[in-house]
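In terms of our numbering, the sequence shown has 817 at position 834, counting the first letter as 1, and numbering is strictly consecutive. Take a look at the structure below.
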Amino acid sequence: MNRAGGMALFWTKETQIVEVNTTAFTIEAKLEDNGSQATWWFIGVYASCDQRIRKEQWRVLTDRSRLWVSRFLITGDFNDILSNDEKWGGGAYREERSFRDFRDFIDCNRLVDIGFDGHPWTWSNHWDNEGEVRQRLDRCLGSVEWFQEFERAKCQHIDTLASDHSILLLDTNPGMGRKKKRFYFDKRWLHKEGIQKVVEQAWNKEEHGIELLKWRNEVQSNSRSKINDLKQELDRVRNSGLDKRNGELKEIKKQLAEAYKEEEIFWSQKARISWLREGDKNTKYFHSYVKGRRVSNNLSKIQREDGSWTNNEDEVVTEIADYFKKLFTSGGRDEMTEILSGIPHSITQEMNANLIKEVLEDEIHEALFSMNPEKAPGHDGMTPMFFQKFWSSIKNDIIPAIHSCLKTVSYSFNCNGEVKGFVSPERGIRQGDPLSPYLFLICSEGFSNLLRRAEESKRIEGLKINRQGPVLTHLFFADDSIIFCKANKGVAGEIMKVLKAYENSSGQLVNLDKSAMFFSKNMVSEKKGEICQALGGMIEATQGKYLGLPMVVSRTKEQIFGFVRDNIRKRFQNWKNRFLSPAGKEVLLKAVAMAMPTYVMSCFKLPRRLCKDVCSLMAKLWWGESNGKNKIHWISWERMALEKKAGGLGFKDLEAFNQPLLGKQVWRLITRPNLLVTKVLKAKYFSKEFILHCSPTKNASWIWQGLMGARSLLNEGLIRRIGNGRSTSIWEHKWIPDTTTGRPTTSRRSICGLEKVEELISHQRWNRNIIFRNFNRHDAHKILAIPLSLSEREDSFYWQPKAGGQYTVNSGYNLLMKQNRKRKTGNPDGASSSYAKGSPQVIQMWNTLWSLNIKHKIKFFIWKCIQGALPVKEAVRRRMGQGDPTCTTCGTAQETVERLLLTCPHAMNIWKAAPIQWDGAKDQQGNFKRWWLRISEARHRPEGLEHIGLTANILWQVWKERNKREFEKSDIVTPFKTIARAHKDWMEQLQEEGTKVGKSTEETVPGQELQDQNYTNERAVIMEIETTKKKGQHNVGIGVTVKEYARNRMTGWMMNEISLGNKVLDDALALKLALCKAVHRNWSKVKLKFCNKELWRQIKRQSPADIKMATVLEDISKLKRLFCMCSFDLCRQEHILISKKLSDDALGVIVDEERLFPQCS
-16 MNRAGGMALF WTKETQIVEV NTTAFTIEAK LEDNGSQATW WFIGVYASCD
34 QRIRKEQWRV LTDRSRLWVS RFLITGDFND ILSNDEKWGG GAYREERSFR
84 DFRDFIDCNR LVDIGFDGHP WTWSNHWDNE GEVRQRLDRC LGSVEWFQEF
134 ERAKCQHIDT LASDHSILLL DTNPGMGRKK KRFYFDKRWL HKEGIQKVVE
184 QAWNKEEHGI ELLKWRNEVQ SNSRSKINDL KQELDRVRNS GLDKRNGELK
234 EIKKQLAEAY KEEEIFWSQK ARISWLREGD KNTKYFHSYV KGRRVSNNLS
284 KIQREDGSWT NNEDEVVTEI ADYFKKLFTS GGRDEMTEIL SGIPHSITQE
334 MNANLIKEVL EDEIHEALFS MNPEKAPGHD GMTPMFFQKF WSSIKNDIIP
384 AIHSCLKTVS YSFNCNGEVK GFVSPERGIR QGDPLSPYLF LICSEGFSNL
434 LRRAEESKRI EGLKINRQGP VLTHLFFADD SIIFCKANKG VAGEIMKVLK
484 AYENSSGQLV NLDKSAMFFS KNMVSEKKGE ICQALGGMIE ATQGKYLGLP
534 MVVSRTKEQI FGFVRDNIRK RFQNWKNRFL SPAGKEVLLK AVAMAMPTYV
584 MSCFKLPRRL CKDVCSLMAK LWWGESNGKN KIHWISWERM ALEKKAGGLG
634 FKDLEAFNQP LLGKQVWRLI TRPNLLVTKV LKAKYFSKEF ILHCSPTKNA
684 SWIWQGLMGA RSLLNEGLIR RIGNGRSTSI WEHKWIPDTT TGRPTTSRRS
734 ICGLEKVEEL ISHQRWNRNI IFRNFNRHDA HKILAIPLSL SEREDSFYWQ
784 PKAGGQYTVN SGYNLLMKQN RKRKTGNPDG ASSSYAKGSP QVIQMWNTLW
834 SLNIKHKIKF FIWKCIQGAL PVKEAVRRRM GQGDPTCTTC GTAQETVERL
884 LLTCPHAMNI WKAAPIQWDG AKDQQGNFKR WWLRISEARH RPEGLEHIGL
934 TANILWQVWK ERNKREFEKS DIVTPFKTIA RAHKDWMEQL QEEGTKVGKS
984 TEETVPGQEL QDQNYTNERA VIMEIETTKK KGQHNVGIGV TVKEYARNRM
1034 TGWMMNEISL GNKVLDDALA LKLALCKAVH RNWSKVKLKF CNKELWRQIK
1084 RQSPADIKMA TVLEDISKLK RLFCMCSFDL CRQEHILISK KLSDDALGVI
1134 VDEERLFPQC S
């Protein structure tokens, strides 16, 4: 280092420095911390300004980190930043790839940024005005172990006039003082005996909490201390040498398992993570999350309005209380006449009476039980779970308390875990008040009314995207507003008048500091400044984000959308994620990581490179890292992104997922033409054409280009659902279900004048003569099998891949992935071999694996074995070219998955000692996938799933013992001991799952499906319906037995109709026709009985399976509403034998026939 910049280390006599080392750019000191009794390394860094040299320095630090063991802190001038968010000023943004080296260094060494207090930058060039550049070049990075030891450590940025860098002041143990410990309800108490009685006794006394506190102090113990005590007791019993100690050992182990479970529950409720539940052994993650949150949530100082900073916690609370007292102090308001003029009255006296009436017990109950039980506790320490579990005992006190809360409003503040301060607002309503969003909407309606009246009086003029488009004056998004107007001083003045009138009438104030102007690129700078000045000094916005999305999308798409990758990377860099179990990582990736870019991808097409980077981040998190280096990625992300039933893990290919998300927007444009966004985009891009057929416009916006790219997916799955047939073209539209193209295969003849589908319909039925005259037999039968609606509704679009016909992102994604597999393999359904990917046997194998009642980590282990992703020696040698591939157990062959788990002499002895034998799978032991496929077939036999689950546990124990021998040099365990351990773990899992099921049954009320009542005594007409279709025929026979008990009469109907294609559809058609006949006979009460369970399910749930069923079910629902009573009953076929005989006979009739039976029985 030269004289312009160097390093020195000074320390006081009280600081215990054990060792000091130096390099060309570091000073390394080993300290003995007297406060924590811990030894750790302090590393001061002065990194180079040259990126190439700096990259080599990161490598040196990584190598030297092995000397510092696990607990160390690296701090100093790193001369680099992690993203453009850590840079202010300087114009041009850095490219994303320029941050990669520094990020990789932090990731590889598992370093944690401990954060800072004060201003966010640590270096400034101290130039004037726009030339100033500020960056966060200095920071404190600790190892995970160091951060866990010094979880309260703080780093403060202090300005200095003598240097362009700020001083970093690190305090490893900031004084916080002893706080009064708050009372919290602990959900572990629910598992204690007598809790119900204790709560009832406590609530019968004046001081409710005293009895509960006494009980807590008597029964509650620290779970970690209990675990340590039980471990010591376990060691004592094991070493005692006493006879008959097995029973005592078993009891201690049971208590230990319960203590571990209690510890996980304790930390999970403190973490309050909604996407991850306890039960997957994530105690370390919950614990570290709580510790990390305590650090981030701690508020040590805040900045006052005058720029000064508070010095202690009391001043922080005073500043907060003063701010909110000022915020909620009424400033008065004028009359509401101006803001309300022109708004129609829509609140009736009845509505108002309902709003101001007393809140009922049922309403309080419904609101309380709709809350998440594990939400943060209130000021009394009670979570919603407490009130839900003990509602019957405490409701008499809670209901008056709720009434009191609704009538009085006051606020206090939870500052660093203590309730402090007090504010009584003079305006506004209580946060969380159910009226709040409605009152907000009323205010917004007033603001909208002022703008609308200004437009009508020509004081302001809105914006048109093009000449045919609608005029836009304003758009509201919650508390954000966008106003469109002409760019001149006069209009700006009118806008300010509207804002002033709104402020005076509503009492709300517009925050001009958070408001901005966005100009057309045709505006000159001088005029921009005049308008900004006329609008109260608003600033001009040229870049940035609005509502989470970029306002301007330029050519550098990867840089514009780089924040998506940065946000996910920040979430993944969180050191707490390293404590997640495989099941926890799976949930994190699916519920959190995949959800983060969804909003952006629903509007924009993300660059391919960015999508690949994000997928790479997710893959790195999944496979993990060891000693600062990423572990081997045994399986590509593309294969992991397959569905679980296809051998993947159900993750998403981000680039592919982008298209169905955009497809959702295209679906909205198609099915909701009255939306404002539909009108705007239609006027701009497809005013004369349909959106699926319009040509892409040159220089179109990036949003529109993305939507155009998603059309191919919609085209693949959309079909026209025929109503009256007026808007559907016979030859151009897809409208014939169950065909390859959806269009007629018949060539159109020159003399054929047919254009629309309505020309093929006569009196709500297909015109058979016209159809057979103009189409070939195949097309004719397909058309005749399309059911027609009774209501002559308009034609519409139907999304075929999803039952019900409504487009969903998941159904679009599944269709897209199926298309991709088809392009790659030429056969999306797989080959005919039972071992081929995609075959029914393989799909069933995967479904069986994921449904087994075994631990998640064992499921992932079996998945790795099948996919060849288990790091056995042969695989490591093949992949890395390192190590000896020989099996250390037998020393005679290479260690493959099959050798290790199945055919090694030691493994064979284990299987001989197992209580289950798989002799029928021995011929497949050379291939683990085929072997597992063979034993998966046992799922059909009695206790087959249990036997497969035990087998998985045995395989897991073999693998665990191999790793102990390999890495801990332990001795070979006897086969009987291996089997005993596997059986014990398996039984514990079964018992745990059984406990969960039992608990769930006790805590929830099962939804009992109301059975249809027997209306026989009410003189209802009973119709028993059955259908018959013979192979090779296109017609279906329908038989209906009608029982009229009021007239003591039984009648038989026989009908012959065109089959709709399958049994369920034919039975649905029979129900529809039977209801039509009942309507014509003016019956008021009918009961239909049939034996098709699938049809009964679809009617009950109103979930049609396909486009044909959607039309028939819609007609059935409309017909049902014409009766006073109409019910559908599922029965056995032997109970409707007469109808079965009638349906057989109906195949021979030409017109509907009716038979009269002697009497009703």
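From the three backbone atoms N, C-alpha and C, an ideal C-beta is built for every residue, glycine too.
Short of 6 Å from the beta carbon of residue 1007, and not among the five residues preceding or following it, lie these beta carbons of its own chain, in chain order: 1024, 1072, 1119, 1122. For residue 1109, the enclosing beta strand (DSSP E) starts and ends at 1108 to 1113.
When the Cα atoms are used, residue 905 and residue 933 turn out to be separated by approximately 18 Å. Excluding its 5 nearest sequence neighbours in each direction, residue 667 has C-beta neighbours in its own chain below 6 Å: 448, 449, listed in chain order. For residue 1022, the enclosing beta strand (DSSP E) stretches over residues 1018 to 1027.
Between the segment 120 to 133 and the segment 90 to 103 there are three or more C-beta pairs closer than 8 Å, enough to call the two in contact.
Note that the segment 1101 to 1111 touches the segment 1061 to 1075; at least 3 beta-carbon pairs, one per stretch, sit closer than 8 Å.
In the DSSP assignment, residue 60 is bridged to 29, 121. By the Cβ criterion, the segment 663 to 682 is not in contact with the segment 610 to 619, since fewer than three pairs of Cβ atoms, one from each stretch, lie closer than 8 Å. By the neighbour-count criterion, in which a residue is buried when 16 or more other Cβ atoms sit within 10 angstroms of its Cβ, residue 299 is buried.
Counting C-beta pairs closer than 8 Å gives three or more between the segment 782 to 801 and the segment 633 to 652, which meets the contact rule. Taken in chain order, the complete alpha helix (DSSP H) segments of 4 residues or longer contained in the segment 804 to 883 are 823 to 834, 839 to 850, 856 to 863. Rounded to the nearest angstrom, the Cβ distance from residue 148 to residue 99 is 13 Å, too far for a contact under 8 Å.
About 5 Å separates the beta carbons of residue 602 and residue 620, which is inside the 8 Å limit, making them a contact pair.
Nearest neighbour of residue 308 by Cα position, chosen from 291, 395, 138, turns out to be 395. For residue 1054 and residue 1043, the gap between their C-alpha atoms comes out near 13 Å. Secondary structure at residue 1068: strand, using DSSP grouped into helix, strand and coil. Residue environment analysis places residue 1114 among the exposed positions, since fewer than 16 neighbouring C-beta atoms fall within 10 angstroms of its C-beta. When secondary structure is reduced to three states using DSSP, residue 139 falls in the strand class. Our two residues, residue 831 and residue 931, have alpha carbons roughly 9 Å apart in a direct line. Only buried fits residue 67, as 16 or more other CB atoms lie within 10 angstroms of its CB.
In this structure, residue 705 lies near residue 778, with their beta-carbon atoms less than 8 Å apart. Residue pairing by DSSP places residue -1 opposite 15 in a beta bridge.
Put simply, of 838, 1038, 64, 632 the residue whose alpha carbon is nearest the alpha carbon of residue 1132 is 1038. Note that the C-beta distance between residue 439 and residue 445 is not below 8 Å.
The beta carbon of residue 132 sits closer than 8 Å to the beta carbons of 19, 21, 23, 54 from its chain, once the five residues preceding and following it are set aside; these are given in chain order. Of the candidates 1093, 960, 842, 913, 960 places its Cα closest to the Cα of residue 892.
If you compare the alpha carbons of 956, 670, 581 with that of residue 451, the shortest gap goes to 670. Counting of Cβ neighbours within 10 angstroms places residue 889 among the buried residues, the total reaching 16 or more. Of the residues assessed, residue 328 falls on the exposed side of the cut-off, its CB having fewer than 16 other CB atoms within 10 angstroms.
Excluding residues up to 5 positions away in sequence, 1023, 1137 lie with their Cβ nearer than 6 Å to the Cβ of residue 1036 in the same chain. Here residue 1095 carries a helix assignment [DSSP, helix/strand/coil]. Assignment of alpha helix (DSSP H) within the segment 34 to 94, counting only whole runs of 4 or more residues, yields 34 to 47, 83 to 91 in chain order.
Under the 8 Å Cβ criterion, the segment 98 to 118 does not count as touching the segment 579 to 586, having fewer than three qualifying pairs. Rounded to the nearest whole angstrom, the C-alpha separation of residue -5 and residue 47 is 26 Å. Taking one beta carbon from each stretch, the segment 69 to 88 and the segment 31 to 43 have 3 or more pairs nearer than 8 Å; the two touch.
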